[in-house]
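A.B. asks:
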Amino acid sequence: AQLSETDAALLSVSQRFLPQFGLLCIVAIIAGIRMSEEILSDNDLGEEEFNNGVREITILVLMSLILYAGSYVFLSLFKRLDIEEEFLPNCWDDQIVYKTSFFLCAFSMAVSVGAALLLPISTISNEILHKYPSSWYIKWLNASLIHGIWNLIFVLSNLSLFVCLPFAYLFCESEGLQFFGNKKGLLARAKETIVTLILFSLIILGMMYIIAALLDRDKDSIERILNVYSYLPFLYSCVSFLGVLMLLICTPIGFARLFTIVGDLVIKPTFMRNLEEEFYQAKFEEDSLRHKLNVHMQQLQLPIDSQSIPLSPLRNTTGNRLKNGQLMSYYQRNLSAISDKRENLAHACNARVWTRILGYPLIMISLLLLTSISLICVVNNVGQIIAGFRSLPLGQNTVDLGMTSLSALGVLGVVIEVLQIGYLFLTSLVGLYTIPLIRRIRPEIGKTSLTHLILNCGLFVVLSSALPLLCKILGISNFDLLGSFSEVKWLGNLYIILFYNAVFAVSASLCLFNKFTARVRQEIFRRLSLYFSTFIERKGLSVVTTPVTAVAYGSLKTE
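Numbering (the numbering used here), first residue to last: 78 to 636.
(1) How close, in whole Å, do the beta carbons of F155 and E521 come, if the pair is a contact with beta carbons under 8 angstroms?
(2) Please go through the same chain and pick out, in chain order, the residues whose beta-carbon is closer than 8 angstroms to the beta-carbon of M480, but skip the five residues on each side of it.
(3) Should the stretch 317–333 be regarded as contacting the stretch 543–553, the criterion being three or more beta carbon pairs within less than 8 angstroms?
(4) Does the stretch 167–177 touch the stretch 437–453, meaning 3 or more C-beta pairs lie closer than 8 angstroms?
(5) Just how far apart, CA to CA, sit L291 and M284?
(6) Give the DSSP bridge partners of T525, in chain order.
(7) What residue does the alpha helix (DSSP H) around K208 start on, and which one ends it?
(8) Only counting the same chain, and skipping five residues up and downstream in sequence, which positions put a Cβ closer than 6 angstroms to that of V507?
(9) Look up M323 in the DSSP assignment and say whether it is helix, strand or coil.
(10) For E363, count the other beta carbons within 10 Å of its own beta carbon; 16 or more makes it buried, fewer makes it exposed. Which is it?
(11) Looking at the structure shown, is I605 part of a helix, part of a strand, or coil, going by DSSP?
(12) Using 8 angstroms as the Cβ pair cut-off and three pairs as the minimum, do the stretch 524–539 and the stretch 180–199 touch?
(13) At which residue ranges does the stretch 126–154 contain complete beta strand (DSSP E) runs of 3 or more residues, listed in the order of the chain?
(14) Taking the straight line between their C-alpha atoms, what separation do you get for L514 and K216?
(15) Note down the Cα distance separating Y510 from I518, rounded to an integer number of angstroms.
(16) Under 6 angstroms Cβ to Cβ from S118, same chain only, skipping five residues before and after it: list those, please.
(17) What is the rounded straight-line gap between the Cα of A543 and the Cα of Q358?
(18) Could you give the uninterrupted runs of the alpha helix (DSSP H) lying entirely in the stretch 454–521, keeping only those of 4 residues or more?
(19) Considering only the beta carbon of each residue, do N411 and L551 sit closer than 8 angstroms?
(20) If you drop the 5 nearest sequence neighbours on each side, which residues of the same chain put their C-beta closer than 7 angstroms to that of S317?
(21) Out of curiosity, what's the CA-to-CA distance linking A464 and I573?
(22) Using only the alpha-carbon positions, how far apart do I275 and C182 sit?
(23) Here's the rule: buried if 16 or more other CB atoms are within 10 angstroms of the residue's CB, otherwise exposed. What is F248?
(24) Span of the alpha helix (DSSP H) holding E250?
(25) In terms of residue numbering, what span does the alpha helix (DSSP H) encompassing S584 cover?
(26) Could you check whether T200 and L496 sit closer than 8 angstroms to each other, using their CB atoms as the reference points?
(27) At the level of alpha carbons, what is the spacing between F179 and S211?
(28) For A585, which option in I205, A146, N555 and C327 has the closest C-alpha, if you only look at C-alpha atoms?
(29) Return the residue from the list I512, S451, G460 and I288 that minimises the CA-CA distance to L501.
(30) Can you give me the Cβ contacts of I177 inside the same chain, cut-off strictly under 8 angstroms, excluding the 5 residues immediately before and after it?
(31) Please classify I338: does DSSP put it in a helix, a strand, or coil?
(32) To which residues of the same chain is R157 closer than 8 angstroms at the C-beta, ignoring the five residues directly before and after it?
(33) Are the Cβ atoms of I223 and L559 separated by less than 8 angstroms?
(34) Is S234 closer than 8 angstroms to W567 when the C-beta atoms are compared?
(35) Measuring alpha carbon to alpha carbon, tell me which of A289, Y286, C241 and I288 ends up nearest I271.
(36) Please state whether the Cβ-Cβ distance between L325 and V538 is less than 8 angstroms.
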């Protein structure tokens, strides 16, 4: 088709002021608009399905590349430096092993992010299609694309959890099998990893068959053993149940822990404080401690006879004497604490007035509102399920996007729902790394080893793949589960759903109650203990002084 005068003028302007890539983009946009305005004469359904399939594949590939690039950059911030990494010597084979394992970690991280974004993307897409059903700009957004995303995330989650991450960990730890020829080398390590992974897969499949046979005795047969694909939904059902249990433990803990973290990071209001005076006081204390530390280090370098001995022994904050060798660590520990205090005060002094006055209350109120909304949704969900107004969170195979809005509040309700989903995922991560056992592998910027990255990626995949189930169980989202996510059988058990909602509501309420009343309870306990201790002391003194008084009175009477 020939371009009109307006299009030709636009192209001439773009040739002068835009680079070649911008010119190609404009031509593509013009051609797309032209094609969208034309009515196709040939209504070939096969061609239309082919075009839709190519468009969906293109969108999925672009989204995957964006997620993978973001995950790779994110993990690069946490991984240990090359000179400090134990799995990266100067050997070329070890470098290939390290890079391959790191690429698999980035792939698994991208899959976990995609799983966490399933419900937000679906709810936002439904609201957009409901608001603009006949817009040409969103013709690519349809139910087939959303179904494809759910199915792809389901397959990739299982692939990451049972293939990619175990392969990455075993590939790092491998040394090469002796009965495969060469003892060392890249090929020998790959063979060892594959053999170990096959044995691990056989163990997992055997355990799944035993559990399935115990739960459903009518379907245990030889055909079921040979049909490996039938294990995948049941395997995901077990993994999702484990992930939902982890979320049940981590999310209430994260509710309380997040208030503490935000309280430490955000600048609190300073109505009755003089920040400049506190800053200079902390600075003087820091200078004094640094001077004492330098003097002590100089004394350690002198001979023993010329060292000055302090007249009184130094004591720490608890009143205990400092033994030999503890003075240096005592000074360094206090210097680090006072330096952090001085930096925080300097940051508070440089902050704006409205940030110091309104920042902390607004953030705390926002967290409290999100937590309260989550608990209200749980209570409402339980009431509707018991009354029969809401069915159990079983998914559907077909969902018509854009037919109705998922929230009575419209766009505002969708925004609140997306914020709640993000808040639940954030609190679950915070609560996860509050657990003492998992706290040991918490990633640190520039200090995390490759094995710890693999373990953290595995935890992310488990939690993110169980997040849609959590939101559906608690009634936070009204969007139905799609694809293989809807085939989880235990979602149809009424007692499990009600028990999960009750435990979640009670545990979250107790964690928040414990958080906000901890200081009050400590003060009450301190005053009660002080009262009883003084009461016992007075009673003991009265018992002791009574015989003495009686003896003295008797002696006076005798005289």
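Even for Gly, the Cβ is constructed at its ideal location relative to N, Cα and C.
Just so it is clear, the structure is predicted and the values come from calculations on it, not from any experiment.
C.D. replies: This is what the structure gives:
(1) Numbered from 1 along the sequence shown, position 78 holds the residue referred to as residue 155. Numbered from 1 along the sequence shown, position 444 holds the residue referred to as residue 521. About 7 angstroms separates the two Cβ atoms, so the contact holds.
(2) Within the sequence shown, the letter at position 403 stands for residue 480. H207.
(3) Counting Cβ pairs under 8 angstroms, three or more are found: they touch.
(4) no
(5) The sequence position of residue 291 within the sequence shown is 214, counting from 1. The sequence position of residue 284 within the sequence shown is 207, counting from 1. Our two residues, L291 and M284, have alpha carbons roughly 11 angstroms apart in a direct line.
(6) To locate residue 525, count along the sequence shown from 1; it is residue 448. Paired residue(s): K156.
(7) Here the question's residue 208 lines up with position 131 in the sequence shown. From DSSP, the alpha helix (DSSP H) with K208 extends over L195 to K208.
(8) Working through the sequence shown from its first residue, we reach residue 507 at position 430. Excluding residues within five positions, the ones whose Cβ falls inside 6 angstroms are G331, R334 and L335.
(9) Locating residue 323 in the sequence shown gives position 246, where the first residue counts as 1. Helix.
(10) In the sequence shown, the residue the question calls residue 363 occupies position 286. With 16 or more Cβ atoms within 10 Å of its Cβ, E363 is classed as buried.
(11) Counting from 1 along the sequence shown, the entry for residue 605 is found at position 528. In the sequence as presented, Ile is not what sits at residue 605; that position holds Leu. In this structure, L605 counts as helix in the three-state DSSP scheme.
(12) yes
(13) DSSP runs (the beta strand (DSSP E)) wholly in the stretch 126–154: none.
(14) Looking up residue 514 in the sequence shown gives position 437. Looking up residue 216 in the sequence shown gives position 139. Their backbone Cα atoms lie some 49 angstroms apart in a straight line.
(15) The count along the sequence shown starts at 1 and reaches residue 510 at position 433. The count along the sequence shown starts at 1 and reaches residue 518 at position 441. Distance between the alpha carbons of Y510 and I518: 8 angstroms.
(16) The residue labelled residue 118 in the question sits at position 41 within the sequence shown. Because the pLDDT of S118 is 43, which lies under 50, any placement of that residue in the model is unreliable, and the number read from its coordinates should be weighed accordingly. Excluding positions up to five away in sequence, the list is empty.
(17) Position 466 of the sequence shown, counting from 1, holds the residue named residue 543. Position 281 of the sequence shown, counting from 1, holds the residue named residue 358. Between A543 and Q358, the alpha-carbon positions lie close to 50 angstroms from each other.
(18) Within the stretch 454–521, the complete alpha helix (DSSP H) runs of at least 4 residues are 488–509 and 513–516.
(19) In the sequence shown, counting from the first residue as 1, residue 411 sits at position 334. In the sequence shown, counting from the first residue as 1, residue 551 sits at position 474. Cβ distance not < 8 angstroms, so N411 and L551 don't count as in contact.
(20) Within the sequence shown, numbered from 1, the residue matching residue 317 stands at position 240. Here the set comprises S542, A543, L546 and V565.
(21) As a first step, residue 464 is located in the sequence shown; it is residue number 387 there, counting from the start. As a first step, residue 573 is located in the sequence shown; it is residue number 496 there, counting from the start. For A464 and I573, the distance between alpha carbons rounds to 17 angstroms.
(22) Start at 1 with the first residue of the sequence shown, and residue 275 comes out as number 198. Start at 1 with the first residue of the sequence shown, and residue 182 comes out as number 105. One C-alpha to the other measures close to 20 angstroms.
(23) Within the sequence shown, numbered from 1, the residue matching residue 248 stands at position 171. Buried, since its Cβ has 16 or more Cβ neighbours within 10 Å.
(24) Here residue 250 corresponds to residue number 173 of the sequence shown, with the count starting at 1. In the DSSP assignment, E250 falls within the unbroken alpha helix (DSSP H) covering L242 to E250.
(25) Residue 584 sits at position 507 when you count from the first residue of the sequence shown. Per DSSP, S584 belongs to the alpha helix (DSSP H) from L571 to F593.
(26) Looking up residue 496 in the sequence shown gives position 419. Looking up residue 200 in the sequence shown gives position 123. In this structure, T200 does not lie closer than 8 angstroms to L496 by Cβ.
(27) In the sequence shown, residue 179 corresponds to position 102, counting from 1. In the sequence shown, residue 211 corresponds to position 134, counting from 1. F179 and S211: Cα-Cα distance of roughly 44 angstroms.
(28) The residue you call residue 585 lines up with position 508 of the sequence shown. Nearest option by C-alpha distance: C327.
(29) If you number the sequence shown from 1, residue 501 lands on position 424. Of the candidates I512, S451, G460 and I288, the residue whose Cα lies closest to the Cα of L501 is S451.
(30) Reading the sequence shown from its first residue, position 100 is the one you call residue 177. In the sequence under discussion, the amino acid at residue 177 is Thr, which differs from the Ile named in the question. The answer, listed in chain order, is A245 and F248.
(31) Taking the first residue of the sequence shown as position 1, residue 338 is located at position 261. Three-state result, I338: helix.
(32) Walking along the sequence shown from the start, residue 157 turns up at place 80. Cβ neighbours of R157 beyond the five flanking positions: G523, K524, T525, S526 and L527.
(33) Reading the sequence shown from its first residue, position 146 is the one you call residue 223. Reading the sequence shown from its first residue, position 482 is the one you call residue 559. Contact: yes.
(34) Numbered from its first residue, the sequence shown carries residue 567 at position 490. Numbered from its first residue, the sequence shown carries residue 234 at position 157. For W567 and S234, no; Cβs fall outside 8 angstroms.
(35) Taking the first residue of the sequence shown as 1, we reach residue 271 at position 194. In terms of CA proximity to I271, C241 leads the group A289, Y286, C241 and I288.
(36) The residue you call residue 325 lines up with position 248 of the sequence shown. The residue you call residue 538 lines up with position 461 of the sequence shown. Against a cut-off of 8 angstroms, the Cβ pair of V538 and L325 comes out as no contact.
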